[in-house]
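Enquirer: The following block contains the structure, expressed as structure tokens.
Numbering (this note's numbering), first residue to last: 5 to 93.
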């Protein structure tokens, strides 16, 4: 009878241990997924900021190839762009 009680207690302890370990693993998995989601969101935000800064720099003509390209017209377009735009503009 004592051996049966020992087996029963051991089985119950294993179930409790398995439940505890499953809970710990689940919390760890949720934490890892949350950290990855925040990391990816931060990457998206940084890339969007970089694109906005680059577009604004192009709009105020801080960036562009026209200054180093010989043969730009007054509007800041190269002759190639002006010719490919057609006669209407």
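Positions of the beta carbon are idealized from the N, C-alpha and C atoms, including for glycine.
Small disclaimer: the values here were computed from a predicted structure and weren't measured.
From the beta carbon of residue 40, is the nearest beta carbon of chain B less than 8 Å away?
Expert: Of the protein chains in this structure there is only one, and it is not chain B.
Enquirer: Quick one: which unbroken beta strand (DSSP E) runs of 3-plus residues sit fully inside the region 32–72? Chain order, please.
Expert: The region 32–72 contains no whole beta strand (DSSP E) run of 3 or more residues.
Enquirer: For residue 44, which residues in the same chain have their Cβ closer than 8 Å to its Cβ, ignoring the five residues on either side in sequence?
Expert: Locating residue 44 in the chain shown gives position 40, where the first residue counts as 1. Closer than 8 Å at Cβ, skipping near neighbours: no residue.
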